[in-house]
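Numbers 1 to 414, taken from our numbering, label the letters of the sequence shown in order. C-beta atoms are modelled at their ideal positions from N, C-alpha and C, and glycine is treated no differently. What follows is a short report on a single structure.
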Amino acid sequence: MSNMLTPQKVAWQRIKSNAAFQYRAWKMAVDWVVALYIVLPATAVLIYQYILWWGATPVWLEAVPYTVFRAYLFVAAITGTIRYYVEEADQLFLVQRTSWFRKLVGTGTAFSLTVSALVLAGMGLLLYPLLHNGYEVGPLEAAFLFLLTYLVKIYLMLGKQHLELVASGWRSVAIRIVATPVLAAVFGYLTHWTAVSHLYAALIALCLAAPLFWLVPARIRARGTFYKDAQREREERMKLAGMLMSAAGYRAPRKTRSKKKRPFLFPASRKLFKERTQENVLAESLIKGILRNGSKLKLAGMLLLAATTAVAVCPNGTIRLIVGLATGALFAWMAKSFAREAATEEYVRLFPWKDTVRMEAFWKAGAGLTAPVCAWLGFVCGLLNGGLLSSVVMLPLGFAFGWMASRMFGMNGL
Numbered sequence: 001m002s003n004m005l006t007p008q009k010v011a012w013q014r015i016k017s018n019a020a021f022q023y024r025a026w027k028m029a030v031d032w033v034v035a036l037y038i039v040l041p042a043t044a045v046l047i048y049q050y051i052l053w054w055g056a057t058p059v060w061l062e063a064v065p066y067t068v069f070r071a072y073l074f075v076a077a078i079t080g081t082i083r084y085y086v087e088e089a090d091q092l093f094l095v096q097r098t099s100w101f102r103k104l105v106g107t108g109t110a111f112s113l114t115v116s117a118l119v120l121a122g123m124g125l126l127l128y129p130l131l132h133n134g135y136e137v138g139p140l141e142a143a144f145l146f147l148l149t150y151l152v153k154i155y156l157m158l159g160k161q162h163l164e165l166v167a168s169g170w171r172s173v174a175i176r177i178v179a180t181p182v183l184a185a186v187f188g189y190l191t192h193w194t195a196v197s198h199l200y201a202a203l204i205a206l207c208l209a210a211p212l213f214w215l216v217p218a219r220i221r222a223r224g225t226f227y228k229d230a231q232r233e234r235e236e237r238m239k240l241a242g243m244l245m246s247a248a249g250y251r252a253p254r255k256t257r258s259k260k261k262r263p264f265l266f267p268a269s270r271k272l273f274k275e276r277t278q279e280n281v282l283a284e285s286l287i288k289g290i291l292r293n294g295s296k297l298k299l300a301g302m303l304l305l306a307a308t309t310a311v312a313v314c315p316n317g318t319i320r321l322i323v324g325l326a327t328g329a330l331f332a333w334m335a336k337s338f339a340r341e342a343a344t345e346e347y348v349r350l351f352p353w354k355d356t357v358r359m360e361a362f363w364k365a366g367a368g369l370t371a372p373v374c375a376w377l378g379f380v381c382g383l384l385n386g387g388l389l390s391s392v393v394m395l396p397l398g399f400a401f402g403w404m405a406s407r408m409f410g411m412n413g414l
């Protein structure tokens with residue numbers, strides 16, 4: 001009877017197989033030379049520094065506000081996923097046996113949640129000397145803080161998987177962009193009340209934990225999620241190997257698509273400039289080429305979100321203005337890089353553009369990409385510094401700064 005195959009044994013076999021696969025991937029990247037001359041010395045230095053943290057507060061910690069630790073915990077909460085260790089081949093046998101499949105998924109869920117708990121516990125042990133010596137956080141308060149992070153992490157892992165089922169493409173990206181700052185604010189609010197009183201912390205933890213006793217089993221019993229779960233499991237299994245191969249410079253060949261996706265911005269190729277000069281036509285082509293590139297658009301959106309958040313959390317108006325100007329200059333530099341890359345496309349090199357036309361077009365393209373972003377940052381700075389009237393004044397000033405920053409970064413250098 002001990003050799004009888006059970007869903008729990010299947011799950012543990014796959015967990016062991018995954019661990020062995022990840023170990024082999026690490027072994028390929030970290031050979032004995034790297035381990036001897038880099039990993040072991042770095043580990044020894046980190047252990048020595050950790051011992052010093054228990055004795056005295058490091059000097060650099062005085063410049064780090066407690067909010068940074070909360071933000072770090074939120075990043076830990078939004079990363080990771082629940083793995084169910086299902087495979088595409090399971091649809092031939094296990095999917096038809098509901099009880100077996102649920103036990104397989106349940107074992108994978110329990111293992112994933114246990115690993116997440118152990119990782120956060122280890123993180124708590126590493127950070128506790130800094131929290132205790134630098135911010136006078138007691139052991140019980142630290143335990144509640146990491147317990148809250150763990151409970152929020154479970155909600156976010158379940159929420160991300162549900163989002164994969166109901167939305168995809170740009171809708172999923174838009175929901176994530178909108179939801180992330182809202183969730184960060186809620187997490188900061190909860191951690192604040194956790195630090196106020198141990199009673200509040202216990203009540204918050206209880207209110208968060210109680211619904212999970214229904215949500216987690218409901219997710220295990222959910223129907224219609226098999227293919228998404230199998231795809232996610234395959235991606236998670238190959239994630240580490242993919243990162244190591246990417247770091248080594250290997251790029252997998254892209255699959256050719258028979259159909260091209262309709263671009264999200266400017267799908268109908270409408271004119272951006274009323275006057276149809278050579279400079280305007282080339283600038284319009286560069287702008288549309290950049291904004292129709294999904295990876296560039298995503299990168300710009302993430303940077304804009306980070307810039308808006310950085311401007312919003314600044315302690316005073318002067319620092320907020322400096323951060324806004326620096327971020328606007330960064331966007332101007334990024335627009336220059338994007339335009340340089342777009343200038344190498346075949347549709348641009350198809351025509352013998354004069355140098356004067358290219359210089360003017362590159363500057364207009366950079367200004368057209370940078371000025372709206374700087375206008376938005378100026379609006380945010382004005383709104384937070386002096387209210388609505390100040391934001392109305394700062395909006396055109398931000399637009400003008402973006403226009404001048406593009407000229408300053410010199411599109412003529414492309």
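- Nearest to Leu-130 by C-alpha distance, out of Trp-60, Lys-336, Tyr-189, Thr-318, is Trp-60.
- By the neighbour-count criterion, in which a residue is buried when 16 or more other Cβ atoms sit within 10 angstroms of its Cβ, Ser-337 is exposed.
- Going by DSSP, Asn-133 is part of the alpha helix (DSSP H) stretching over 98–135.
- Per DSSP, the unbroken alpha helix (DSSP H) holding Pro-211 starts and ends at 198–221.
- Nearest to Phe-362 by alpha-carbon distance, out of Val-323, Arg-407, Tyr-37, is Arg-407.
- Of the candidates Ile-204, Val-182, Thr-180, Gly-55, the residue whose Cα lies closest to the Cα of Thr-191 is Ile-204.
- Taken through DSSP and simplified to helix, strand or coil, Gly-159 comes out as helix.
- The residues Gly-378, Phe-379, Cys-381, Gly-382, in chain order, have a CB closer than 7 Å to that of Met-394 in the same chain once the five nearest residues on each side in sequence are set aside.
- One Cα belongs to Ala-326, the other to Arg-219, and the distance between them is close to 45 Å.
- The closest CA to that of Thr-308, considering only Val-39, Tyr-48, Leu-384, is found on Leu-384.
- Between Cys-374 and Ala-405, the gap from beta carbon to beta carbon is short of 9 Å.
- Three or more Cβ pairs closer than 8 Å define a contact, and the segment 154–168 meets that threshold against the segment 208–228.
- Annotation: the continuous alpha helix (DSSP H) that includes Gly-398 extends over 388–408.
- CA-to-CA, the gap between Ala-142 and Thr-57 works out to about 17 Å.
- Contact check for Phe-146 and Leu-120: beta-carbon distance about 5 Å, within the 8 Å limit, so the pair qualifies.
- Between Arg-14 and Tyr-85, the CB-CB gap stays under 9 Å.
- In this structure, the beta-carbon distance from Ala-71 to Leu-156 does not fall below 9 Å.
- Here the alpha carbons of Glu-236 and Leu-125 stand approximately 27 Å from one another.
- Its chain contains Thr-194, Ala-201 as the residues whose beta carbon lies nearer than 6 Å to that of Phe-144, once the 5 sequence neighbours on both sides are disregarded; these appear in chain order.
- A Cβ-Cβ distance of about 6 Å is found for the pair Gln-8 and Lys-103, placing them in contact under the 8 Å criterion.
- It is roughly 20 Å from the alpha-carbon of Val-137 to the alpha-carbon of Ala-117.
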